[in-house]
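Heads up: the structure comes next, in structure tokens.
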Amino acid sequence: MPKECIRVSVKNGMGILTLDSHDYNTLSSSVILELGSKFQTLEENSEVKIILVTGHPKPFFSAGADAKEILGMIRGGDGQAAKEAIKLLQEVYWRIDNSEKPTVAAINGYCLGGGLELALACDFRVASREALLGLPEVDLGIIPGLGGTQRLPRLIGLKNAARIALGGKKAITNAVLAKEFGLVDGVVEGDFIAGVKSFVADLLNGNAVRRTVINENETLDERLYLSDERIKALVAEKAESATRMVFRALNEGFKVSLKDGLEIERSLFLEQAFSPDGLEGITAFVEKRIPRFKTMQPVEAKPDPISENRNSTEDLSEEYAMLRQTLRKFGENEVRPKIEKMENEGNISPDIMAKIAELGLCGVPFSETYGGAGLGKTGQCIMAEELGRAHASLAVLVGASVGLAGGALALFGTEVQKQKYLRAIAEGKAIGAFALTEAEAGSDVANLSSTAEKRGDKWVINGTKQFISNGDIADIIIIFAKTDQYLGANGISAFIIEKGYSGLKTTKVEHKMGIRASRTTSMEFTDMAVSAGNMLGQLGQGFKIALNVLNYGRLSLAAGCLGASKRAFELAYAFASQRSQMGKKLLEFQLIQEALAIMRSHIFLMEQSVYNVAAMADRGEDIRLESAIVKLTASEMSEWDIRKALQIHGGLGYLDEYEISRMLRDSIINTIFEGTNEIQKLLIFKETFKNAGKI
Ligand SMILES: Cc1cc2nc3c(=O)[nH]c(=O)nc-3n(C[C@H](O)[C@H](O)[C@H](O)COP(=O)(O)OP(=O)(O)OC[C@H]3O[C@@H](n4cnc5c(N)ncnc54)[C@H](O)[C@@H]3O)c2cc1C
Numbered sequence: 060m061p062k063e064c065i066r067v068s069v070k071n072g073m074g075i076l077t078l079d080s081h082d083y084n085t086l087s088s089s090v091i092l093e094l095g096s097k098f099q100t101l102e103e104n105s106e107v108k109i110i111l112v113t114g115h116p117k118p119f120f121s122a123g124a125d126a127k128e129i130l131g132m133i134r135g136g137d138g139q140a141a142k143e144a145i146k147l148l149q150e151v152y153w154r155i156d157n158s159e160k161p162t163v164a165a166i167n168g169y170c171l172g173g174g175l176e177l178a179l180a181c182d183f184r185v186a187s188r189e190a191l192l193g194l195p196e197v198d199l200g201i202i203p204g205l206g207g208t209q210r211l212p213r214l215i216g217l218k219n220a221a222r223i224a225l226g227g228k229k230a231i232t233n234a235v236l237a238k239e240f241g242l243v244d245g246v247v248e249g250d251f252i253a254g255v256k257s258f259v260a261d262l263l264n265g266n267a268v269r270r271t272v273i274n275e276n277e278t279l280d281e282r283l284y285l286s287d288e289r290i291k292a293l294v295a296e297k298a299e300s301a302t303r304m305v306f307r308a309l310n311e312g313f314k315v316s317l318k319d320g321l322e323i324e325r326s327l328f329l330e331q332a333f334s335p336d337g338l339e340g341i342t343a344f345v346e347k348r349i350p351r352f353k354t355m356q357p358v359e360a361k362p363d364p365i366s367e368n369r370n371s372t373e374d375l376s377e378e379y380a381m382l383r384q385t386l387r388k389f390g391e392n393e394v395r396p397k398i399e400k401m402e403n404e405g406n407i408s409p410d411i412m413a414k415i416a417e418l419g420l421c422g423v424p425f426s427e428t429y430g431g432a433g434l435g436k437t438g439q440c441i442m443a444e445e446l447g448r449a450h451a452s453l454a455v456l457v458g459a460s461v462g463l464a465g466g467a468l469a470l471f472g473t474e475v476q477k478q479k480y481l482r483a484i485a486e487g488k489a490i491g492a493f494a495l496t497e498a499e500a501g502s503d504v505a506n507l508s509s510t511a512e513k514r515g516d517k518w519v520i521n522g523t524k525q526f527i528s529n530g531d532i533a534d535i536i537i538i539f540a541k542t543d544q545y546l547g548a549n550g551i552s553a554f555i556i557e558k559g560y561s562g563l564k565t566t567k568v569e570h571k572m573g574i575r576a577s578r579t580t581s582m583e584f585t586d587m588a589v590s591a592g593n594m595l596g597q598l599g600q601g602f603k604i605a606l607n608v609l610n611y612g613r614l615s616l617a618a619g620c621l622g623a624s625k626r627a628f629e630l631a632y633a634f635a636s637q638r639s640q641m642g643k644k645l646l647e648f649q650l651i652q653e654a655l656a657i658m659r660s661h662i663f664l665m666e667q668s669v670y671n672v673a674a675m676a677d678r679g680e681d682i683r684l685e686s687a688i689v690k691l692t693a694s695e696m697s698e699w700d701i702r703k704a705l706q707i708h709g710g711l712g713y714l715d716e717y718e719i720s721r722m723l724r725d726s727i728i729n730t731i732f733e734g735t736n737e738i739q740k741l742l743i744f745k746e747t748f749k750n751a752g753k754i
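Okay, so the sequence shown: first residue is 60 according to our numbering, each after it adds one.
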């Protein structure tokens with residue numbers, strides 16, 4: 060008798076099907092058929108009000124279909140038999156999909172391929188925080204065959220579905236992000252069973268689950284979509300035939316009914332599985348080797364006039380839009396309610412940092428090789444803008460960690476340093492800091508007094524830094540010290556140090572007029588030994604590193620100013636719309652209208668310049684002039700906008716309890732740090748006139 064792989068239990072009106080096949084809860088055809096018949100027994104059981112499908116043992120819900128079985132089917136070469144078999148399996152999922160009883164997939168861990176397709180056939184999905192969801196078929200040269208390309212777009216929209224189905228392993232997503240775009244309906248923190256029970260109780264009590272509204276007329280133009288830089292990166296190295304087949308299944312199936320869509324998917328699945336790439340991909344997977352495919356050729360994108368000249372977030376690609384949406388929700392729902400407490404306590408609360416890590420935000424600009432999201436400087440600017448809109452102190456914490464420390468490692472780190480330190484920052488496991496400024500070296504960066512002396516295979520560092528953001532909470536700190544007293548700027552080197560190094564002490568914590576929840580401290584190094592392997596870049600390259608990193612830092616700072624201006628505009632407009640004087644709403648006075656019109660113009664100019672410079676940076680162009688320009692102009696425009704917004708609030712704006720008063724205090728620092736605005740003017744002049752003033 061074959062081993063039973065699915066356990067059935069009935070408790071308190073809940074019928075539970077627990078997948079417990081060997082290894083990864085693989086879904087072979089016999090397991091799926093067993094699932095179908097056991098599902099039917101629960102459907103027929105009048106005690107059962109709701110049916111749950113889950114996996115055991117942790118951490119697998121199900122890692123997907125049985126690759127060896129698919130390989131056997133392809134090698135067997137009987138297309139007709141394969142068609143019948145897939146049809147039978149699709150019917151099991153169809154039965155679950157069409158059950159009269161509500162169905163819930165309780166996703167306790169990896170939920171991949173056929174496992175995710177099973178979860179998609181259920182009415183609801185609740186996942187543990189550790190769960191990971193994705194459709195890796197395309198990496199194996201095949202496409203999903205159990206409804207993945209059909210149910211996914213109907214749940215989360217065609218664009219999001221395309222990203223997951225085309226991205227394969229690269230697009231595997233965690234539960235928190237999956238919830239953001241509607242792939243799961245609930246995420247359980249801590250005790251999974253208790254969390255699932257409470258999710259089910261909510262459902263049975265009629266508490267509806269909110270779903271994203273899907274545009275049913277959406278289509279994707281293959282040429283345009285696959286030529287997008289981000290999508291090109293996502294599909295790089297995948298079999299061209301499988302990529303295009305996934306695309307067809309999504310696009311063609313989305314236009315018709317689900318039933319017809321499943322039929323389209325079935326025939327495309329078989330066509331692809333029986334193709335040379337299908338055979339090669341599955342064989343390579345089973346043999347645990349890298350497949351040899353004709354991979355996706357980069358599609359040459361024609362310049363797109365809209366994305367070249369972005370006016371609004373709608374012009375940005377879908378991944379950026381998702382990032383913005385996630386950040387906006389996070390800012391409004393989770394950060395804003397805690398700002399007052401954090402400002403009073405003088406730090407960012409650990410649960411906000413934990414959520415940032417969980418959402419993968421610390422990795423936004425970095426390559427996937429180091430745990431990042433690969434969204435480049437444009438992604439970093441979106442993040443800085445949204446954090447700047449929500450809470451300046453938080454934007455400074457993340458900016459110093461991700462932009463400055465992470466940026467320095469990404470630009471100049473060795474492979475070993477990047478895997479160790481950049482990855483820790485990108486994954487939100489470590490906070491970074493960038494320690495350049497000293498008492499006598501502010502604008503005059505080259506005038507450092509800290510020294511690093513080579514003793515054996517170590518560098519021994521002595522000195523004092525001041526005004527270091529994240530100084531006392533950082534785990535990884537990039538510091539700058541003189542390795543040669545006689546070489547001026549060329550005698551500075553950079554080092555990576557870790558919290559807890561002997562000889563490192565955080566001294567004064569500053570009390571500031573603004574960004575009060577951001578930590579600003581002094582640091583002392585007394586005979587602090589650093590291994591030679593922790594020098595960042597080459598000997599004497601420190602000055603160059605600092606300037607390069609600050610070029611990008613200034614760009615994100617400008618993006619933060621843009622976010623703050625947008626928020627100030629929003630507050631000013633709301634206030635002017637409800638406050639009346641002299642028998643009229645403030646909004647009806649032309650002087651108020653003028654202020655709002657200028658603010659709106661500033662926002663437009665900042666948005667244009669920031670994202671244009673970000674695009675230049677993403678194309679690898681030199682931005683030293685442009686980043687100085689956007690830092691200078693955005694910080695001054697934003698300070699003006701916030702000041703005006705406060706003025707529109709009248710006396711109330713001057714009160715601590717009004718957000719706009721904190722925003723004004725917070726805005727001043729933008730004209731001072733990362734190089735004062737006077738220094739930016741010197742830099743802009745120098746860069747412009749080095750070529751005899753030609754522009
Ligand atoms: C809250 C906060 C956080 C910070 N975070 C960090 C951090 O994380 N890491 C870090 O390394 N540093 C950090 N700094 C330091 C910051 O970058 C410096 O304060 C800034 O660069 C200015 O240096 P300074 O304060 O020594 O001013 P100074 O250089 O003494 O300047 C004083 C004034 O003189 C002007 N000035 C200077 N030189 C010239 C010139 N040649 N021509 C015309 N005007 C000039 C300046 O523009 C300024 O107006 C932070 C500072 C603050 C306040």
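Even for Gly, the Cβ is constructed at its ideal location relative to N, Cα and C.
Does ligand 1 have even one heavy atom less than 7 Å from the beta-carbon of residue i?
i: residue 199; result: no
i: residue 523; result: no
i: residue 526; result: yes
i: residue 614; result: no
i: residue 580; result: no
i: residue 502; result: yes
i: residue 733; result: yes
i: residue 744; result: no
i: residue 489; result: no
i: residue 459; result: yes
i: residue 737; result: yes
i: residue 223; result: no
i: residue 91; result: no
Might you give, ordered along the chain, the residues of its own chain that have their beta carbon closer than 6 Å to the beta carbon of residue i, omitting 5 neighbours on each side?
i: residue 593; result: 554, 555
i: residue 564; result: 583
i: residue 398; result: 450
i: residue 55; result: Since the first residue of the chain shown is 60 and the last is 754, residue 55 is not available in this structure.
i: residue 228; result: 195, 198
i: residue 258; result: 185, 245
i: residue 509; result: 522, 540
i: residue 369; result: For residue 369, the pLDDT reaches just 35, beneath the cut-off of 50, and the residue's location in the model is therefore unreliable, although a value from the coordinates is still provided. If we look at residue 369 and ignore the five residues flanking it on each side, its Cβ neighbours are 670.
i: residue 531; result: 565, 578, 580
Using the DSSP secondary-structure output, state which residues sit across from residue i in a beta bridge.
i: residue 183; result: 163
i: residue 589; result: 518
i: residue 524; result: 582
i: residue 568; result: 580
i: residue 552; result: 540
i: residue 169; result: 119, 191
For residue i, which three-state DSSP category applies?
i: residue 62; result: coil
i: residue 544; result: coil
i: residue 105; result: coil
i: residue 76; result: strand
i: residue 594; result: strand
i: residue 68; result: strand
i: residue 238; result: helix
i: residue 119; result: strand
i: residue 84; result: helix
i: residue 110; result: strand
Suppose contacts are defined by Cβ-Cβ distances below 8 Å. Is residue i in contact with residue j by that definition?
i: residue 164; j: residue 148; result: no
i: residue 576; j: residue 442; result: no
i: residue 131; j: residue 175; result: no
i: residue 215; j: residue 242; result: yes
i: residue 538; j: residue 517; result: no
i: residue 574; j: residue 533; result: no
i: residue 235; j: residue 417; result: yes
Within its chain, find whatever has a CB closer than 7 Å to the CB of residue i; leave out the 5 residues flanking it on each side and keep chain order.
i: residue 740; result: 691
i: residue 312; result: 208, 209, 320, 323, 324
Starting from the C-beta of residue i, find all residues in its chain whose C-beta is less than 8 Å away, skip the five residues before and the five after it, and write them out in chain order.
i: residue 661; result: 624, 696, 697, 699, 700
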